[in-house]
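First residue of the sequence shown? That's 7 in our numbering, and the numbers climb one at a time after it.
We treat Cβ as the ideally placed atom computed from N, Cα and C, and that holds for glycine.
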Amino acid sequence: GEGSSRKTKGMVVHELRSPLHGIIGLANTLSQDESPLQKPLKMIGSSAERVLELITNFMDYNDLSEDPSMDVNRDTVDTVDISALVNESLARTKQAKDKRGKPMLKD
C-alpha cells in the first residue's frame with residue numbers, strides 16, 4: 007500500500023544519502039592537503055553535494071505531490087536534466103590537470 011511505498015522510498019533515500027555524506031566528508035578532508043588531487047577531490051565533493059541536493063529536492067517534491075492538501079502545479083515546478091548534470095560533472099573531471107599540466111584522467 008501507500009505506507010509500504012513511502013517506507014521503501016525512505017529506505018532508498020537513506021541508502022543514497024549515507025554514502026554521499028561519506029564521499030563529501032572524505033573529499034573535503036582529503037582536499038585540505040596541498041596535492042595534485044586537491045582540485046579533483048573538490049570537484050568530487052561538489053558533485054556529491056549536488057546529487058545529495060537533487061535527492062533532497064526530489065523527495066521534497068514527492069512528499070508535496072502526494073499530499074492531497076497541497077495543490078502542486080506541475081507546470082511551474084523546475085525539472086532537472088540528469089543527463090546534462092552528469093555530462094557537466096564528467097566534463098569538469100576530464101579537464102582536471104595535475105601540477106605538470108597533464109590530464110588527471112585518461113579518455
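Next on the checklist: Please state the DSSP three-state secondary structure of Pro46.
Outcome noted: Secondary structure at Pro46: helix, using DSSP grouped into helix, strand and coil.
Checklist entry - Using the C-alpha atoms, what's the distance from Gly9 back to Leu32? => result 35 Å
Next on the checklist: Using CA atoms only, rank isn't needed, just tell me which of Thr35, Lys48 and Val57 is closest to Leu22.
Outcome noted: Val57
Item to check | Own chain residues within Cβ distance below 6 Å of Lys34, not counting five before or after | outcome: Residue identity check: residue 34 is Asn in the sequence provided, not Lys. Around Asn34: Gly51.
Next on the checklist: Tell me which residues share the same chain as Leu36 and place their Cβ nearer than 6 Å to its Cβ, disregarding the 5 neighbours each side in the sequence.
Outcome noted: Leu47
Checklist entry - Skipping 5 residues on each side, what residues in its chain have a beta carbon closer than 7 Å to that of Gln44? => result Ser37
Item to check | Residues that DSSP places opposite Pro109 in a beta bridge | outcome: Lys103
Checklist entry - What do you get for Ser41, buried or exposed, if any count of 16 or more other CB atoms within 10 angstroms of its CB means buried? => result exposed
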